[in-house]
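Student: Its first residue numbered 1, the sequence shown is counted upward by one per residue in full-length UniProt numbering.
All C-beta atoms in this analysis are idealised placements derived from N, C-alpha and C, irrespective of residue type, glycine included.
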Amino acid sequence: DLGIGFDGDADRCGIIDENGHHIAADRLLALLARDLLSRHKGAKIVFDVKASQALEDEIRAHGGIPIMWKTGHSLMKAKMAEEGAPLGGEVSGHLFIGEDYYGFDDAPLVSLKVLEIFSKETRTVSQVFDTIPKLVATPEVIVSAPDDRKFQIIEALQREFAAEHQVITLDGARVTFEHGWGLVRASNTQPAITMRFEARTKADLVAIMQDFDRRLARYPEVSRDKLQEQIAAFSA
Numbered sequence: 001d002l003g004i005g006f007d008g009d010a011d012r013c014g015i016i017d018e019n020g021h022h023i024a025a026d027r028l029l030a031l032l033a034r035d036l037l038s039r040h041k042g043a044k045i046v047f048d049v050k051a052s053q054a055l056e057d058e059i060r061a062h063g064g065i066p067i068m069w070k071t072g073h074s075l076m077k078a079k080m081a082e083e084g085a086p087l088g089g090e091v092s093g094h095l096f097i098g099e100d101y102y103g104f105d106d107a108p109l110v111s112l113k114v115l116e117i118f119s120k121e122t123r124t125v126s127q128v129f130d131t132i133p134k135l136v137a138t139p140e141v142i143v144s145a146p147d148d149r150k151f152q153i154i155e156a157l158q159r160e161f162a163a164e165h166q167v168i169t170l171d172g173a174r175v176t177f178e179h180g181w182g183l184v185r186a187s188n189t190q191p192a193i194t195m196r197f198e199a200r201t202k203a204d205l206v207a208i209m210q211d212f213d214r215r216l217a218r219y220p221e222v223s224r225d226k227l228q229e230q231i232a233a234f235s236a
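1. Where does D130 land, buried or exposed, given buried means 16+ other C-beta within 10 angstroms?
2. State whether the segment 47-59 contacts the segment 133-140, with contact taken as three or more CB pairs (one from each stretch) at a distance under 8 Å.
3. Rounded to a whole number of angstroms, what is the C-alpha to C-alpha distance between V175 and I23?
4. If distances are taken between C-alpha atoms only, which option among A78, F47 and Q210 comes closest to L29?
5. Out of D11, R149, Q158 and E18, state which residue places its alpha-carbon closest to the alpha-carbon of I97.
6. Which value, in whole angstroms, describes the spacing of the CA atoms of S223 and S144?
7. Measure the Cβ-Cβ separation of A192 and V184 and say whether it is below 7 Å.
8. Leaving out five residues on either side along the sequence, give the residues of the same chain with a beta carbon under 8 Å from the beta carbon of A81.
9. Rounded to whole angstroms, how far is the Cβ of G180 from the Cβ of L157, which I believe are closer than 8 Å?
10. Hey, how far is the Cα of G20 from the Cα of G14?
11. Would DSSP call Q166 helix, strand or coil?
12. Does the separation of the CB atoms of R43 and P86 fall below 7 Å?
13. E18 and T122 - do their beta-carbons sit closer together than 7 Å?
14. Between the Cα of G64 and the Cα atoms of R34, V91 and E90, which residue gives the shortest distance?
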């Protein structure tokens, strides 16, 4: 048993397992990647900077080439076309299928692909997804920041983090720590800064979030309440 839901214009698809648990879009993309790579070893798969490290690891483990890119469905589609990638997706739920199709975000097609995969399975939906490694992660954390300051703040944080850590700067700063990572980027659509965090344990996750919170505290124009809520939730 599984549940399938679309957003209002059917360009995003959500999957619910037999226990009523939502499957995150980057985990769904990992499932689609496994399926695609069973037919096309060496294929490129594009995903956005918010995606789990487990997704990149799964793509490599099954013989694919992972390509991290900027968030934004138009940016993702352009990158897929540039790279000749037959599959891509975002944490927001936009998933793009280019194999025997046009490479845009079509939720009904994604749902049919999922049904096709599970029609060949004897395991339940949750059992299949349990085979995909899962780290401890926050949802997307959105905090308000003025439009005329948000990019300056991100640029300053990029420089600051780069002095201490490995940083991917293609869209904000995705900072690699020993046991996880944190992302901070300026929203493309609203006066806000968006963040996401992932780690091996709750304690590691809290430590990474506290590091970001400490640095953001120097910018009083940034509201940190949503970040502090996540710190409290994972500290409990």
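Tutor: From the atom records:
1. Under a 10 Å Cβ-count criterion, D130 is classified as exposed, with fewer than 16 other Cβ atoms of the shown protein chains found around its own Cβ.
2. The segment 47-59 vs the segment 133-140: in contact.
3. 25 Å
4. F47
5. Between I97 and the set D11, R149, Q158 and E18, the nearest pair of CA atoms involves D11.
6. 5 Å
7. no
8. G103
9. Contact doesn't hold; Cβ gap of about 17 Å is too wide.
10. As the crow flies, the alpha-carbon of G20 is around 12 Å from that of G14.
11. strand
12. Note that residue 43 corresponds to Ala in the displayed sequence, not to Arg. Yes, they are a contact pair.
13. no
14. R34
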